[in-house]
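Chains A and B, in that order, give the protein sequences. The opening position of the first sequence corresponds to residue 70 in this note's numbering, with each subsequent residue numbered one higher. The opening position of the second sequence corresponds to residue 19 in this note's numbering, with each subsequent residue numbered one higher. In this text, a Cβ means the ideal position worked out from N, Cα and C, and glycines have one as well.
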Amino acid sequence: MNEALINTLNSLVSNATPLVIAAIGETITERAGVINLSLNGSILLAAMVGFAAALATDTLLLGLGAAVIVGAVIATIIAFSTIQLRRDQVAVGFVLTLLAAKLADFLGQPLNSASGPSFSKQPIPLLADIPILGHIFFEHNILVYFSFVLVIGCWFWLFRTRPGLAHRAIGERPEAAYARGTSVNRMRYVYTAVGGGLVGLAGASYSLSIKIGWPSIISYNGDGWIALAIVIFAGWHPFRVLLGAYMLSALRAAASDIQKSSLNIPAELLNTGLPWILLIVTLILVNTGQIDRLLIALPARMRGRFQALLKSDAPAALGERFEAS
Amino acid sequence: MQIEIRHIHKRFGSIQANDDISIVFPAGRIVGILGENGAGKSTLMKILSGFQTPDEGEIWIDGQAENYRGPQAAIALGIGMLQQDPLDVPAMTVMDNFTYGAPGAFWLGHSHLREQIQSTSAKIGFDLSPDQMVNQLSIAQRQQLEIVRLLALGVRTLILDEPTTGISSDQKEQLFHTLMELAREEGMTILLVSHKLEDVITLCDEVIVLRAGKLVGQREMPTTKSELVHLMFGQQLTEERRNERDIAQSNIVLQLDDFTVETQRLSVEPITLSLHEGEVVGLAGLDGSGQQPFMRACTGLMKGAGGRLRLDGEDMLGRGYGEFRRAGVAFGAAGRLEEGLIAGLTLIEHVALSQASDHWMGVLDWQKAGAEMQTRISRYDIRGAGEDMIEALSGGNQQRLLISLLPEQPRLLVIEQPTRGLDVDSVRAIWGQLLARSEQGAAILFSSSDLDELVTYSDRILVFFEGRTHLIEDPSQTTVSDLGHAIGGAFDSVQGEHVRA
Ligand SMILES: Nc1ncnc2c1ncn2[C@@H]1O[C@H](COP(=O)(O)OP(=O)(O)O)[C@@H](O)[C@H]1O
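If you want it as structure tokens, here you go:
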């Protein structure tokens, strides 16, 4: 295989990583029935704080930790204001996304264009030696490996464990979950915070791995919204989240290639416009049930197995408050 | 196990839902809990099954005072409740629903639970396949799943809230048979909440009656229907029947020829039917048998798939709801608060909205709307004030408002479930209004899951089963139980014909 192509695929995987982490985080939150709409702002603020912390302490892990806390705190504010204060999730999330972005801008000024530590590649012994695939998937930094583990772990959790069953149930039908002894609102806090923590981690993986420093992430501003769209495209399924993030990353690579080939297309349009247009098209396909039709085409025996993967319905209680009795 | 409740009180705001109720439920008995809507039946049962906590009072189980909170705690004590809308997770399989809440390890390893589903359901004559998605089950199967689940959790007292709404006669017989066995052979206590006297009379050993939150009577069965009615309402109601009228002579309002309707899940076989002025046609069938898309297609809310649809002679197939409305078609949706009324608006605002199109450029005349509301409140006996939010009204009053918002003189009135979940008083008020319109020449098409209602008010009944239809020409010759068999697909149990041209 062409070496340039393999290199492209390798960077495609690493560039998609923050999207994967953020979208899995949001999947975890939304599977529990809560919408965290603050992704875009959370990612920016966490990227800034994560970079600042890593710079100040010269410890990458502390940078990650600080970013995770930022994401989790913002998510917890959303959980608190919707569960305790009964505010509208969408409105609160929207306000927070704006607030966090402004805050990042303002507080991040002293950092402007400072250079700081970053994650370096650590090929995985043996696996990296696999022809082609080894280079594409196993010559990365640990954040990328973490995203692989995260996707698989999230799938296992949701579909192969008992607490995961309860997790899905509180997003589908909280009344039924309550009747089975699950503390719906407590678990919603937990999953919202965990999901938000991952969103924060996604922020740090921009500023400590993809576009090191602050405010270099600005060229990825908007990825929070894209991550939200990927969750919908993915039908709230971890494997499809991975697929969606990689597809989007591939589109971006293609767009920048076209741009280099110096056709007379404005760079802005390609960079930011194209992915959005394609997202809208896929969302329309998903929401009109085109993907669900695939299920009907499958032989009955296999339907059960693919049900979860191909289903595109949102968790039925997404965005709904729950109050016991 | 024996349950004794002592002096239970429960208040919601200004409503005393349960007022000093004390009863003993002995083991091995089937007890009916009767009462009109709002009498406090569900509240009492939710208290027993842990969904609600009483403000005052005690629950004694087998001679011991128990203070528990939450349904899980009640199940641990052996009390389980099957809600009217079974509390399952529709987007999951039967297996997942069964597993969730059952004790077990961290990983989902299904094999022994799979056997448990099959053995428990076989034992009581149910047939559940573990890999089916719950959203593809009928209400009866979902009830079976919940019952099997509760039994497997070791429940000794089973509470059922209105379990016979929305299931066929055969399914009801099977359910009752199972309940009878559970009580007789296993010594379980069964509490059946119902407002259907027939159900209580066929199944129960004993009946308690609630009215306005108070326990007003307790009877050993058998007893007479009229006595139970007397206890429920405090007065005797007389059976009413419609006046005989000669409708065959009047003009045809709606003419269907080989009319078909299709949805993603179901296609309804061609229907040929003429609906005359003043005629009332009831649509019977289990949920999802095709009556719902059929009704929507008759109002232009859905497009008919083929054949002809004429309103007063004019071809309407393929036209939209707006044109149907102008042609005199009015539609009342089943979901009162989902489709019919708007939560968050007051009564006056609803009236204003229904007249908005009459006003110059849509500017609302509040004074007129207010006055109009007053006349409707008194005409339709709506208990509420013009400034009340719609969700503050009881179900019966919401439905009265919904009916009052329908046009006064429609040509065709299509109405889904006009009296679902309402008590006898409200049912009569609603039908009084509907029949008044039919006397003035409106044709009425209504659906209902209440077979009594269908037989009482319909001039003809169109039965749906999985998209097939059957027309009963003379419902007065049909018994409720025949109709119950027919909605389960046994069309030969009722006279009449297949509605094929
Ligand atoms: N959660 C609640 N909040 C406020 N009012 C309620 C609630 N549950 C029941 N009620 C009121 O309590 C009364 C009794 O209701 P319920 O027990 O459901 O009666 P039934 O089951 O006999 O129809 C009704 O007036 C109802 O409106």
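Under the three-state reduction of DSSP, N109(A) is assigned to helix. Annotation: the continuous beta strand (DSSP E) that includes A461(B) extends over A461 to S465. At a cut-off of 8 Å between beta carbons, A35(B) makes no contact with chain A.
Apart from the 5 residues on each side of it in sequence, L348(A) sits with its Cβ closer than 6 Å to the Cβ of A298 in its chain, given in chain order.
At least 8 Å separates the beta-carbon of S318(A) from that of V213(A).
Straight across, the Cα-Cα distance linking M151(B) with D106(B) is about 11 Å. Separation of L62(B) and R174(B) (C-alpha to C-alpha, rounded to the nearest whole angstrom) is 18 Å. Using a Cβ-Cβ cut-off of 8 Å, G304(A) is close to nothing in chain B; its nearest Cβ partner there is about 11 Å away. Rounded to whole angstroms, the Cβ separation of S285(A) and I90(A) is 18 Å, and the two are not in contact under 8 Å. In this chain, L359(B) is not harboured by any beta strand (DSSP E), its DSSP state being neither H nor E. In terms of beta-carbon proximity, Y118(B) lines the interface with chain A, with at least one pair separated by less than 8 Å. The beta carbon of D114(B) falls within 8 Å of a beta carbon belonging to chain A, placing the residue at that interface. Assignment of beta-bridge partners to N36(B) by DSSP yields K28(B). Taking the Cα positions, V310(A) is about 21 Å away from P232(A). If you look at P288(B), you'll find it in the beta strand (DSSP E) that goes S285 to H294. Nearest to R337(B) by alpha-carbon distance, out of A351(B), C316(B) and I21(B), is C316(B). Among the bridge pairs identified by DSSP, V42(B) is matched with E22(B). A distance criterion of 7 Å places the beta-carbon of K59(B) in contact range of ligand 1, judged by its closest non-hydrogen atom. In the structure shown, H204(A) adopts helical secondary structure according to DSSP, grouped into three states. Of all residues in the region 403-436 of chain B, none has a C-beta nearer than 9 Å to a C-beta of chain A.
Cβ atoms of D326(A) and L88(A) stay farther apart than 8 Å, at about 19 Å. Burial check for E491(B): the Cβ neighbour count within 10 Å stays below 16, so the residue is exposed. Legend: CB atoms of the region 89-110 of chain A lying less than 7 Å from CB atoms of chain B are not found in any residue.
Counting only Cβ-Cβ distances below 8 Å, R155(A) has no contacts in chain B at all, with the closest Cβ about 15 Å away.
Counting other Cβ atoms within 10 Å of its Cβ, Q70(B) reaches 16 or more and is therefore classed as buried. Proximity of the beta carbon of G88(B) to ligand 1 is not indicated: no heavy atom of the ligand is located closer than 7 Å. Chain order gives the chain A residues near D106(B) as R242 and A245, where near means a beta carbon separation below 8 Å.
In the three-state reduction of the DSSP assignment, I505(B) falls in the helix class.
From the listed residues L291(B), L335(B) and I400(B), the smallest Cα separation to R326(B) is found for L335(B).
Boundaries of the alpha helix (DSSP H) around G269(A): V253 to S274. Chain-ordered, the chain B residues with CB closer than 7 Å to the CB of L234(A) read D114, T117, Y118 and L126. V271(B) sits close to L293(B), with the two beta carbons spaced by under 8 Å. Interface flag for G250(A) against chain B is set, since a Cβ pair is found closer than 8 Å.
If you check the CB distance, L168(B) and G98(B) come in under 8 Å. Residues of the same chain with a CB within less than 6 Å of the CB of E164(B), apart from the 5 flanking positions on each side, are L100 and P104 in chain order. Looking at the DSSP output, A83(B) sits in a beta bridge with W78(B).
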